[in-house]
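Heads up: the structure comes next, in structure tokens.
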Amino acid sequence: MQISPGGTQVAYVVTQPILRTNQDHAVLYVGDAARPGPGRALAEGIGITTVRWSTNGRWIFFVLENESGREIWRVSPNGGGAEKVTSTRGELVYSPAYRGEGIAYQLSSDGNTLVYAVYDSAEAEREFKARVEGGVVYRGDKWYQQLIDLKWQSALYKLWSYDLRRRRAKELWETHTVMPPGYYPPEIQISPDGKKVAVLHQTTDDKQYSLDLLDLAGGQMQPFLPKLANTFDLHWNEDGQSLTFDSFG
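Residue numbering for the sequence shown follows my numbering, beginning at 5 and increasing consecutively.
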């Protein structure tokens, strides 16, 4: 459930199982926060998560799962039909759910930019099949290639931004990780002023992490704290001048 910036409306999701198809059916509703009564249905699919209002209250963003996969969508609270925002050609990455629901994207404070990450699942599947069919399940030259458990796959992790005014996606950065997450997936947090993205990611097999800062305008990645221990739960402070996280080990 997400309350609108003005506090007058509430967006919420109702999910019901469909036994006949062995799938869920989710509906996104918006209702009046001050008056009882049924809400207006805005979108539906197999699953709906990560519901967020834009800062001006004109849009509701969410992740919709349908037969084609998961993508980021948006819809006006006044109705008019939902609009697909992204075409990821991969698998959306959910940041770990340390404080409630896992997050699949970040929305800038001015409402003009989305930042999200995608696993290149097609490449991961090709690499995994080539190794297994070739009889090689372990090669210790890179931490993300140590496939001790066959359920893990090395995957290319790509960070993207989407300009909502120009309707244009831009690849920002990429690294390797493991899917399904045998290690924590990289965490991303957009700064309050919308100019930087903090990226926390694992760099070695002994759980060493690096916290880097990505400039959204220029695309440069600047190392900030390159030698952290096991680290997670990354957040900007409200003034945008500092970051908090948990680190141990």
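Glycine included, each C-beta is placed from N, C-alpha and C at the ideal position.
A quick note: this is a predicted structure, and the numbers were derived from the prediction, not measured.
As computed with DSSP, Ala159 is found in a beta bridge with Thr181. Nearest neighbour of Leu160 by Cα position, chosen from Pro40, Met5, Glu178, Ala173, turns out to be Glu178. In this structure, Thr59 sits near Ser113, with a CB-CB distance shorter than 8 Å. Look at Asn234 here: in three-state DSSP terms it is strand. Going by C-alpha positions, Glu191 is about 16 Å away from Phe252. Taking one beta carbon from each stretch, the stretch 218-229 and the stretch 163-176 have 3 or more pairs nearer than 8 Å; the two touch. Burial check for Arg170: the Cβ neighbour count within 10 Å stays below 16, so the residue is exposed. For secondary structure counted as the beta strand (DSSP E) over 3 or more consecutive residues, the stretch 57-123 holds these complete runs in sequence order: 64-70, 73-79, 109-111.
For Gln224, there is no enclosing beta strand (DSSP E), as DSSP marks it with neither H nor E. Proximity to Trp240 across Arg93, Leu204, Gly35 peaks at Leu204, based on C-alpha coordinates. Spatial neighbours of Gly10 in its own chain (CB-CB distance under 6 Å, excluding positions within 5 residues in sequence) are listed in chain order as Gly61. Taking C-beta atoms as the reference points, Glu75 and Thr90 count as a pair closer than 8 Å.
Your pair Leu46 and Ala86 checks out as a contact, with CB atoms roughly 6 Å apart and the cut at 8 Å. In this structure, DSSP gives Ile192 an extended state, which the three-state scheme calls strand. For Ala38, the secondary structure class from DSSP, reduced to helix, strand or coil, is coil.
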